[in-house]
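Asks:
In my numbering, the protein residues as written are 167 to 418.
See the structure below:
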């Protein structure tokens, strides 16, 4: 079956409430392609590798978390940007991208989906007083040592995480997918035993050590693979479309 591109975009925008969320990039339809959609390819980032794979898969639409046109970037269509846009336009493929709306969503959001992967029970936001902070807090069904939890993360993510090991058992967890390492101070105030994000900064080590918590950096790309898959599955079910998730490896 096929659905009108405008209908699919309208539903995705509605479902994610994207118009109500301030962001660093435009959310929704970023590049317009064919007016009808039968096959969606999803991926974390609209890299050239994903575009080429979508062309091979005969996709009508590419759905991503990291799209284009970020605030502060050079607006000139040259080099890498020209090649990417040329690929989309030449093959009449649409690009649909959602950044913070996909981090925040209560069903298909990156943070909620990661919690399901790691068997964490969501309890609430990392900082209830600041809705701009997209992280969550939750608990494990049984306490684990930091190393055991890190092994679980490795099994799920398919890559060895960076572990800064604290002394206490892990019962309460805070997390934010992607580049959320800066929220470690909010995690400390939330009383977590371990904070997990995609990336780490130099000061993250000291914050974890001096505040007596464990920290895991599990990979920006790796922690954000699940939201876009869930959104693609939702749209495929909603409109009886084909959906293919393509994971272009990224060690960062």
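Backbone N, C-alpha and C define an ideal beta-carbon position, used for all residues, glycine too.
Output the distance between the C-alpha atoms of residue 206 and residue 229, rounded to the nearest integer angstrom.
Replies: Looking up residue 206 in the chain shown gives position 40. Looking up residue 229 in the chain shown gives position 63. Computed Cα separation, rounded: 7 Å.
Asks: Using the C-alpha atoms, what's the distance from residue 264 back to residue 212?
Replies: Here residue 212 is taken as the residue at index 46 of the chain shown, counted from 1. Here residue 264 is taken as the residue at index 98 of the chain shown, counted from 1. So the two alpha carbons sit approximately 11 Å from each other.
Asks: Verify whether the separation of the beta carbon atoms of residue 209 and residue 413 is less than 8 Å.
Replies: As a position in the chain shown, residue 209 is number 43, starting the count at 1. As a position in the chain shown, residue 413 is number 247, starting the count at 1. Yes.
Asks: I need the boundaries of the beta strand (DSSP E) containing residue 186, first residue and last residue.
Replies: To locate residue 186, count along the chain shown from 1; it is residue 20. No beta strand (DSSP E) contains residue 186, which DSSP labels as neither H nor E.
Asks: Does the Cβ-Cβ distance between residue 260 and residue 222 come in under 8 Å?
Replies: What you label residue 260 is simply residue 94 of the chain shown in a count that begins at 1. What you label residue 222 is simply residue 56 of the chain shown in a count that begins at 1. Result no, Cβ atoms of residue 260 and residue 222 do not sit closer than 8 Å.
Asks: Does the structure place the segment 373 to 383 close enough to the segment 393 to 412 that three or more beta carbon pairs sit under 8 Å?
Replies: The answer is no - the segment 373 to 383 does not touch the segment 393 to 412, with fewer than three Cβ pairs under 8 Å.
Asks: DSSP three-state label for residue 274, please.
Replies: Within the chain shown, residue 274 is the residue found at index 108, counting from 1. Three-state result, residue 274: coil.
Asks: Assuming the contact rule is C-beta atoms closer than 8 Å, residue 407 and residue 204 should be a hit. Round their C-beta distance to whole Å, please.
Replies: Sequence index remark: in the chain shown, residue 407 carries index 241 (1-based). Sequence index remark: in the chain shown, residue 204 carries index 38 (1-based). About 6 Å separates the two Cβ atoms, so the contact holds.
Asks: For residue 382, is the classification buried or exposed, using 16 other Cβ atoms within 10 angstroms of its Cβ as the cut-off for buried?
Replies: For the purposes of this step, residue 382 is taken as the residue at position 216 of the chain shown. Classification of residue 382: buried, given that the 10 Å Cβ count is 16 or more.
Asks: With distance defined between alpha-carbon atoms, name the residue in 340, 283, 388 nearest to residue 325.
Replies: Taking the first residue of the chain shown as 1, we reach residue 325 at position 159. It is 388.
Asks: For residue 383, does the three-state DSSP call read helix, strand or coil?
Replies: Within the chain shown, residue 383 is the residue found at index 217, counting from 1. In this structure, residue 383 counts as strand in the three-state DSSP scheme.
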